[in-house]
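Quick note on my numbering: the sequence shown kicks off at 31 and runs consecutively.
This report refers to the structure that appears directly beneath it.
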Amino acid sequence: MRNFIEEYSNIVKEPTDALMLDFFKKVRIALEKGEIRVAEKLGDEWQVNAWVKSVILWGFRLGQISEVTGGPWPFFDKDTMPVISFEKSRNVRMVPGGSSVRAGAYVADGTVIMPPSYVNIGAYIDSGCMVDSHALVGSCAQIGKNVHLSAASQIGGVLEPVGAMPVIVEDNVFIGGNCGIYEGTIIKRNAVLGSGVILTSSTPIFDNTTGEFIKKTSEHPLVIPENAVVVGGSRPISSGFGQKSGIHLYCPVIIKYRDINTDRSVVLEDILR
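Below is the structure:
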């Protein structure tokens, strides 16, 4: 990592397209190998490696639109952003039917990718994960070990601004179908999101076990606590015409924290896999 940072610092002092493109390719390969990451956990806190995001943006700027081979239909993308072709030795089960993993994404051994799914550049998927059909792992998203992304779940990408926290899903999290996690939200270890839960930086979460709201602050992103079980919910508008009309706003609810019954449901998913 230190060598990459030193080289990056030297390039930005006197940047040229040739130097930037060559360094981008080095970083892209290192990302694919898991040698560097867009974000990493230091102690209990996540830290963004903003320089990595900057280099990824170089790749978009310096790339040229070209035809991408792969199947009977023509595709066109930046020539700096090819898709990964996995070898059997990687032990990644990528089922045929329209999925793609963009170069510069890390996918660990034991991952299952069901079609159609998409994994974007800068994403990190640790071992033992399930990426189900119609799921998205957006740019720079960080997915921990043994995470289940159910069908149609969307893990949003956060590439700009470069200092912004990406979406982070820690180890052993279960994401239900049609969930959406965006704008730098962090899902802590062992949490469970019920089907259809949508989380953004402006989404308040009500913890029914404490009676308190969980919100993003100026210093910290929205964080779903460890072991939390979250389902969709609503809260009434407290003023204006909405109050008179009985209108409610969307508000996910932590109904409990994981217990043996929750764990049995998650274990059943593992057995089915």
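Quick reminder that beta carbons are idealized off the backbone N, C-alpha and C, glycines included.
Unbroken alpha helix (DSSP H) run spanning residue i, endpoints
i       : result
Val-57  : 47-63
Val-82  : 80-92
Ile-35  : 32-43
Lys-274 : 270-275
Cβ-based burial, residue i [other Cβ within 10 Å; buried from 16]
i       : result
Pro-255 : buried
His-250 : exposed
His-178 : buried
Ala-48  : exposed
Arg-305 : Nothing about residue 305 can be reported from this structure: the residues present for the chain run from 31 to 303 only.
Glu-200 : buried
Asn-33  : exposed
Thr-247 : exposed
Ser-39  : exposed
Leu-279 : exposed
Gln-94  : exposed
Spatially closest choice to residue i from the options, by CA coordinates
i       : options                               : result
Arg-6   : Ala-60, Arg-120 and Gly-152           : The structure shown has nothing for residue 6, since the chain only spans 31 to 303.
Gln-172 : Ser-248, Asn-208 and Thr-215          : Thr-215
Ile-86  : Leu-61, Asp-74, Ile-284 and Val-259   : Leu-61
Ser-225 : Gly-73, Val-283, Tyr-136 and Pro-191  : Val-283
Met-111 : Arg-120, Ser-130 and Val-68           : Ser-130
Ser-231 : Ile-198, Ile-217, Val-222 and Tyr-212 : Tyr-212
Val-261 : Phe-105, Gly-210, Glu-65 and Arg-219  : Gly-210
First and last residue of the uninterrupted beta strand (DSSP E) at residue i
i       : result
Val-227 : No beta strand (DSSP E) holds Val-227; DSSP gives it neither H nor E.
Ile-235 : 235-237
Ser-96  : 95-98
Val-261 : 258-261
Arg-265 : 264-266
Val-125 : No beta strand (DSSP E) contains Val-125, which DSSP labels as neither H nor E.
Straight-line Cα distance separating residue j from residue i
i       : j       : result
Asn-79  : Ser-96  : 29 angstroms
Thr-233 : Lys-245 : 7 angstroms
Asn-291 : Glu-37  : 51 angstroms
His-164 : Leu-189 : 21 angstroms
Lys-71  : Gly-276 : 43 angstroms
Val-227 : Ser-264 : 11 angstroms
Leu-302 : Met-160 : Because Leu-302 sits at a pLDDT of 49, beneath the cut-off of 50, its placement in the model cannot be relied upon, and the point is left open.
Gly-186 : Gly-174 : 15 angstroms
Gln-311 : Ala-194 : This structure cannot settle anything about residue 311, because the visible part of the chain is limited to 31 through 303.
Ile-35  : Leu-92  : 20 angstroms
Asp-289 : Ala-221 : 11 angstroms
Ile-205 : Gly-241 : 24 angstroms
Val-42  : Gly-134 : 21 angstroms
Val-98  : Phe-106 : 5 angstroms
Those residues which DSSP pairs with residue i across a bridge
i       : result
His-178 : Met-160 and Phe-204
Phe-105 : Val-98
Ile-185 : Val-167 and Ile-211
Lys-71  : Trp-76
Arg-132 : Val-113
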